[in-house]
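Asks: Chains A and B, in that order, are what the protein sequence lines are. Just so we're aligned: the first sequence equals residues 270 to 602 in the working numbering. Just so we're aligned: the second sequence equals residues 247 to 594 in the working numbering. Backbone N, C-alpha and C fix where the C-beta goes; we use that ideal spot for every residue, glycine too. This structure is a prediction, so every number in the text was calculated from the model and none was measured.
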Amino acid sequence: MSITRRSFNLGLAAGAASAGFATLSHAQQGRKVALLFDSLVSPFWVTGLDIMRDQVKKRGWTGLEAISNLDDNKQFEQVKAMIAQKVDGILIIQTDSKAVIPAIRAANAANIPMVHFNRPPAASDAYSVAIQADNRKIMQGTVQSLVEQAKKAGGKYKAALLIGDLGDVNAIQRRDGFFDVVNQNKDLIEVVARISTEWNADKAFAGLTNAIQANPDINFLVTSSDFLHPQIEQVLKTAGKWHKRGEEGHVTFGGFDGDEGAYARLKDGYLDACGVQNLFLEVDMAFQAFEDMWAGKKPDKLLLDPGFVITQDNLAEKQDQMWGFTVWKKQHA
Amino acid sequence: MTSVRLSSDEQRAGTPSSWLRLAAERLILSEYLVLLLTVVYFLAMLPIVPSIATPSVMLDIVNAMAPLLVVAIGQTFVLIVAGIDLSAPAILAMASVVGASVMTGDDGYLMNSPFAVPGGIAVFLVIGIAIGWLNGVCTARLGMPAFIVTLTTMMFFSGAAIWYTALHTDASSIGNLPPSFIAIGEGEIAGGFTFAILIAAAVALVAHFTLSRTVYGRWLYAVGTNPRAAEVSGVPVRSAAMWAFIIAGLCAGIASILYTGRLETGTPVLGQRILLDVIGAAVIGGVSLFGGKGKVMWTLFGVLFLAVIDKSLQLLGLALSSVFAIKGGVILMAAIIDALRHRLLVRR
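#1: For chain A, check one thing: does any of its Cβ atoms lie closer than 8 Å to the Cβ of B:Y462?
#2: Sort A:G515, A:F496, A:K570, A:M554 by Cα distance to A:I320 and report the nearest one.
#3: When burial is assigned at 16 or more other CB atoms within 10 Å of the CB, is B:S479 buried or exposed?
#4: Work out the CA separation of A:R514 and A:W592 for me, nearest whole Å.
#5: In this structure, how does DSSP classify B:Q518 when only helix, strand and coil are distinguished?
#6: Hey, which unbroken runs of the beta strand (DSSP E) at 3 residues or more fall wholly within the segment 287 to 362 of chain A?
#7: Whose CA, out of A:Q324, A:Q354, A:I361, A:D323, lies closest to the CA of A:I336?
#8: Pull up the DSSP beta-bridge partners for A:C543, would you.
#9: Please classify B:P313 as buried or exposed, where buried requires at least 16 other C-beta atoms within 10 Å of its C-beta.
#10: Could you list the residues in the segment 361 to 390 of chain A with a C-beta less than 8 Å from some C-beta on chain B, going in chain order?
#11: Since A:P382 and A:V596 are thought to touch, with beta carbons under 8 Å apart, how far apart are those beta carbons, to the nearest angstrom?
#12: What are the start and end residues of the alpha helix (DSSP H) that includes A:F386?
#13: Quick one: Cα of A:I441 to Cα of A:D307, how far?
#14: Could you tell me which uninterrupted beta strand (DSSP E) segments, each at least 3 residues in length, are contained entirely in the segment 392 to 460 of chain B, listed from first to last along the chain?
#15: From this set, B:D584, B:S426, B:G548, which residue's C-alpha is nearest B:M349's C-alpha?
#16: Is the beta carbon of B:A553 less than 8 Å from the beta carbon of B:T322?
#17: Is the shortest distance between the beta-carbon of B:S302 and the beta-carbons of chain A less than 8 Å?
#18: What's the C-alpha gap between A:D437 and B:S502?
#19: With three or more beta-carbon pairs closer than 8 Å as the criterion, would you say the segment 528 to 538 of chain A touches the segment 496 to 509 of chain A?
#20: For the candidate residues B:T261, B:L266, B:R272, B:L282, whose alpha-carbon lies nearest to that of B:I530?
#21: Would A:K349 count as contacting chain B if we go by Cβ distances under 8 Å?
#22: For the segment 513 to 539 of chain B, enumerate the residues whose C-beta is nearer than 9 Å to any C-beta of chain A, in chain order.
#23: Does A:W563 pass the burial test, meaning 16 or more other C-beta atoms within 10 Å, or should it be called exposed?
#24: Less than 8 Å between CB atoms is the rule here; does A:G284 satisfy it with respect to chain B?
#25: Please name the residue, chosen from B:V324, B:G421, B:L413, B:G470, that lies closest to B:F393 on a Cα-to-Cα basis.
#26: Looking at A:R463 and A:F525, is the spacing between their C-beta atoms short of 8 Å?
#27: Classify A:A585 as helix, strand or coil using the three-state DSSP reduction.
#28: Please compile the residues from chain A whose C-beta is within a distance smaller than 8 Å of the C-beta of B:D306.
#29: Across the segment 501 to 508 of chain A and the segment 576 to 583 of chain A, are there enough close Cβ pairs to call them in contact, namely three or more that are closer than 8 Å?
#30: What three-state label does DSSP hand A:I218 in the structure shown?
#31: List the residues of chain A whose Cβ lies closer than 7 Å to the Cβ of B:G421, in chain order.
#32: B:L561 versus chain A: which residues are under 7 Å apart at the beta carbon?
#33: Which one of A:L318, A:A475, A:Q418, A:G317 has the shortest CA to CA distance from A:T580?
#34: Helix, strand or coil for A:L430 per DSSP?
#35: 8 Å is my cut-off, CB to CB: does B:L282 come that close to chain A?
#36: Which term fits B:P262, buried or exposed, when burial requires 16 or more other beta carbons within 10 angstroms of its beta carbon?
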């Protein structure tokens with residue numbers, strides 16, 4: 270079959286037109302957003318990414334993903350690459366709150382909105398929006414719930430707190446929320462162990478083991494993150510302190526995050542209360558912040574997720590809002 | 247399998263297949279092979295991510311290469327003497343936090359002093375040299391294996407960097423660095439070219455000159471090829487090897503300046519995950535892990551190859567699993583071609 274110059278030109282024009290149409294329809298379909306994570310080391314982030322992917326799809330947007338593997342420099346490169354890809358928005362979970370500032374400046378210079386998910390950046394003249402759980406308030410609510418349960422049960426309590434990495438503002442706020450309530454109930458609770466975990470499961474295990482050896486009468490325990498539950502369970506089992514609510518020797522136990530392990534332990538009666546970060550709401554808030562900025566609005570630099578406290582009493586009512594329940598349901602489907 | 251000798255015979259016969267084979271052999275044996283692979287990869291990615299060919303992205307690639315190239319050049323010196331330096335990430339981190347603590351506007355030791363930046367830079371370099379010297383003394387003077395020495399210095403100084411940061415600040419990193427220091431990492435000279443590129447180019451030129459034009463460079467190759475023979479020939483083997491580690495430490499100190507300036511932050515986790523890229527870039531470029539073989543230009547090609555792969559994958563915005571699979575596959579392909587090259591060389 271021979272191709273004439275005319276048929277070649279017609280074909281070329283048709284090809285160009287269809288390519289142009291594809292581009293146009295793509296532009297009309299929706300926005301292109303970058304989802305830049307620093308790692309996917311805990312169920313919180315894995316579930317967060319799943320919710321984001323789902324939301325991106327529902328809104329008709331396109332998502333570009335990158336994970337920096339906890340490397341600040343690589344994440345800066347990823348931001349530059351996304352700017353080169355002319356994305357409409359960058360959602361970022363940075364490793365270091367200060368090292369992310371050059372990336373915010375680069376996004377500002379390219380006029381691309383940037384939203385920090387769950388971790389706000391350090392103060393600077395650069396503009397971006399951060400979505401963060403109201404850690405202090407959620408922890409206050411959680412510990413208050415435990416205190417009320419303790420008052421009902423009667424007796425005196427010796428408490429241990431597993432603290433996160435104090436370089437992380439979330440960890441500091443959770444610690445402060447704990448002491449806000451405990452300091453008002455000194456007649457009921459004495460804090461005998463402050464365990465620095467640095468968000469490291471091994472350190473948490475060793476620290477709690479030491480604390481229980483030094484204070485075998487610890488009967489009130491709060492962790493700053495639910496990802497440490499397996500280590501806590503192991504230590505308490507070894508010490509003969511892993512008992513359900515209502516059983517003799519039960520340790521009043523509070524958690525934070527609301528992962529699938531927390532849901533399972535609440536359901537089984539080992540966990541008394543858990544401060545839940547409303548991951549679904551946080552993703553909505555982040556994407557709404559993009560929409561606001563695209564519409565020319567300037568949202569506040571920090572937007573707070575109020576979260577909620579889930580206990581044995583409101584478990585059935587609140588479990589659908591708990592992201593860990595969604596994960597647990599999938600695992601047990 | 248057909249031998250090279252047969253190929254020569256065929257070549258004499260002048261058959262087209264013999265010419266093709268000869269061309270393939272020449273290509274594989276060329277020292278520009280990695281550069282060629284980079285060009286081929288770049289061209290292959292062009293239809294998938296056209297933005298990779300835009301001037302701004304190409305400049306980003308060059309800018310991203312600068313600090314990695316400096317560390318990899320230091321590693322090249324150590325690899326040439328048949329050593330290995332695993333402590334590079336710890337040097338980056340330690341120099342970053344101590345240097346930043348000197349200059350920072352948040353209670354820095356030389357805060358608001360005109361000597362803050364020069365003093366801070368001097369600290370970066372001194373820490374690099376000091377850790378390099380420690381590595382050198384333990385390996386070259388005490389005869390300890392470089393792998394163990396640098397592994398333990400990596401562990402020690404990584405921990406020390408975190409401890410030092412905690413001592414200096416309540417936060418996990420040290421920010422508020424002077425603008426003139428930040429300019430070293432990201433400041434532009436002209437047309438998007440940064441000071442970091444200029445510094446990396448200067449380090450590369452000095453290193454190339456040292457390796458190819460000085461007696462010390464020849465000593466390094468001699469030590470790496472056969473230390474016993476080198477000693478008999480009058481080469482100061484221990485001292486030459488020790489200086490290779492000091493140079494590697496100095497290069498890591500310089501790279502730490504570039505990274506810290508770029509991120510505007512001194513952080514104890516700086517470069518914690520780049521060791522594979524540092525050694526990988528040098529080895530992919532053609533520097534031998536067994537010593538005696540290596541050039542700054544080869545390392546440059548290796549760094550360029552990794553930088554282009556990284557940038558293309560970042561532009562694609564794929565899930566992590568795909569990124570690891572593609573990067574691993576491409577590097578494996580480069581390693582297979584390198585192995586083929588060695589086999590051909592041995593046959594000849």
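Replies: According to the structure shown:
#1: Residue mapping note: residue 462 of chain B aligns to position 216 of the second sequence, counting from 1. Contacts with chain A at 8 Å (Cβ-Cβ) do not include B:Y462.
#2: As a working note, residue 320 of chain A is residue 51 in the first sequence. Ranking the options by Cα distance to A:I320, first place goes to A:M554.
#3: Along the second sequence, one-based indexing puts residue 479 of chain B at 233. It counts as exposed.
#4: In the first sequence, the residue the question calls residue 592 of chain A occupies position 323. In the first sequence, the residue the question calls residue 514 of chain A occupies position 245. Rounded to the nearest angstrom, the two C-alpha atoms are 23 Å apart.
#5: One-based indexing of the second sequence puts residue 518 of chain B at position 272. Correct three-state label for B:Q518: coil.
#6: 301 to 306, 331 to 336, 358 to 361
#7: Within the first sequence, numbered from 1, the residue matching residue 336 of chain A stands at position 67. Just measuring C-alpha positions, the residue of A:Q324, A:Q354, A:I361, A:D323 sitting nearest A:I336 is A:I361.
#8: Sequence index remark: in the first sequence, residue 543 of chain A carries index 274 (1-based). In the DSSP output, where bridge partners are listed per residue, A:C543 has A:G524, A:I579.
#9: Taking the first residue of the second sequence as 1, we reach residue 313 of chain B at position 67. Buried.
#10: Flagged, chain order: T364, D365, S366, K367, A368, I370, P371.
#11: To locate residue 382 of chain A, count along the first sequence from 1; it is residue 113. To locate residue 596 of chain A, count along the first sequence from 1; it is residue 327. 29 Å between Cβ atoms; not a contact.
#12: Here the question's residue 386 of chain A lines up with position 117 in the first sequence. From DSSP, A:F386 is part of no alpha helix (DSSP H) but of the beta strand (DSSP E) over 383 to 386.
#13: Taking the first sequence and counting its residues from 1, the one referred to as residue 441 of chain A is at position 172. Taking the first sequence and counting its residues from 1, the one referred to as residue 307 of chain A is at position 38. C-alpha separation (whole angstroms): 20 Å.
#14: 434 to 436
#15: One-based indexing of the second sequence puts residue 349 of chain B at position 103. Nearest of B:D584, B:S426, B:G548 to B:M349, Cα basis: B:S426.
#16: The residue labelled residue 553 of chain B in the question sits at position 307 within the second sequence. The residue labelled residue 322 of chain B in the question sits at position 76 within the second sequence. No. Outside cutoff.
#17: Reading the second sequence from its first residue, position 56 is the one you call residue 302 of chain B. So, interface residue.
#18: The sequence position of residue 437 of chain A within the first sequence is 168, counting from 1. The sequence position of residue 502 of chain B within the second sequence is 256, counting from 1. If I take the Cα positions, the gap works out to 24 Å.
#19: yes
#20: Locating residue 530 of chain B in the second sequence gives position 284, where the first residue counts as 1. Comparing Cα-Cα distances from B:I530 to each of B:T261, B:L266, B:R272, B:L282, the minimum goes to B:L282.
#21: Counting from one through the first sequence, the residue named residue 349 of chain A turns up at place 80. Yes - at least one Cβ of chain B is within 8 Å of the one on A:K349.
#22: Per Cβ criterion, the list reads T513, V515, L516, G517, Q518, R519, I520.
#23: By one-based count along the first sequence, residue 563 of chain A stands at place 294. Label assigned to A:W563: exposed.
#24: For the purposes of this step, residue 284 of chain A is identified with residue 15 of the first sequence, where counting begins at 1. Note that A:G284 scores 45 on pLDDT, short of 50, meaning its location in the model is unreliable; the coordinates nonetheless yield the value given after this. No, A:G284 lies away from the interface with chain B (no Cβ there is under 8 Å from its Cβ).
#25: Sequence index remark: in the second sequence, residue 393 of chain B carries index 147 (1-based). Measuring from the Cα of B:F393, the nearest candidate turns out to be B:V324.
#26: Walking along the first sequence from the start, residue 525 of chain A turns up at place 256. Walking along the first sequence from the start, residue 463 of chain A turns up at place 194. With respect to the 8 Å criterion, A:F525 and A:R463 are not classified as neighbours on the basis of their beta carbons.
#27: Locating residue 585 of chain A in the first sequence gives position 316, where the first residue counts as 1. Three-state DSSP puts A:A585 in a helix.
#28: In the second sequence, counting from the first residue as 1, residue 306 of chain B sits at position 60. Neighbours of B:D306 on chain A, chain order: E346, K349, A350, A353.
#29: no
#30: Given that chain A is displayed from residue 270 to residue 602, the structure contains no residue 218 of chain A and the question cannot be resolved.
#31: Looking up residue 421 of chain B in the second sequence gives position 175. Near B:G421 (Cβ distances below 7 Å), the residues of chain A are K367, A391.
#32: Indexing the second sequence from 1 puts residue 561 of chain B at position 315. A350, A353, Q354, listed in chain order.
#33: Position 311 of the first sequence, counting from 1, holds the residue named residue 580 of chain A. Distances from the alpha-carbon of A:T580 to those of A:L318, A:A475, A:Q418, A:G317 put A:Q418 closest.
#34: By one-based count along the first sequence, residue 430 of chain A stands at place 161. Three-state result, A:L430: strand.
#35: Taking the first residue of the second sequence as 1, we reach residue 282 of chain B at position 36. Not closer than 8 Å to any Cβ of chain A, the Cβ of B:L282 fails to qualify, so no.
#36: Taking the second sequence and counting its residues from 1, the one referred to as residue 262 of chain B is at position 16. With a 10 Å radius around the Cβ and a threshold of 16 neighbouring Cβ atoms, B:P262 comes out exposed.
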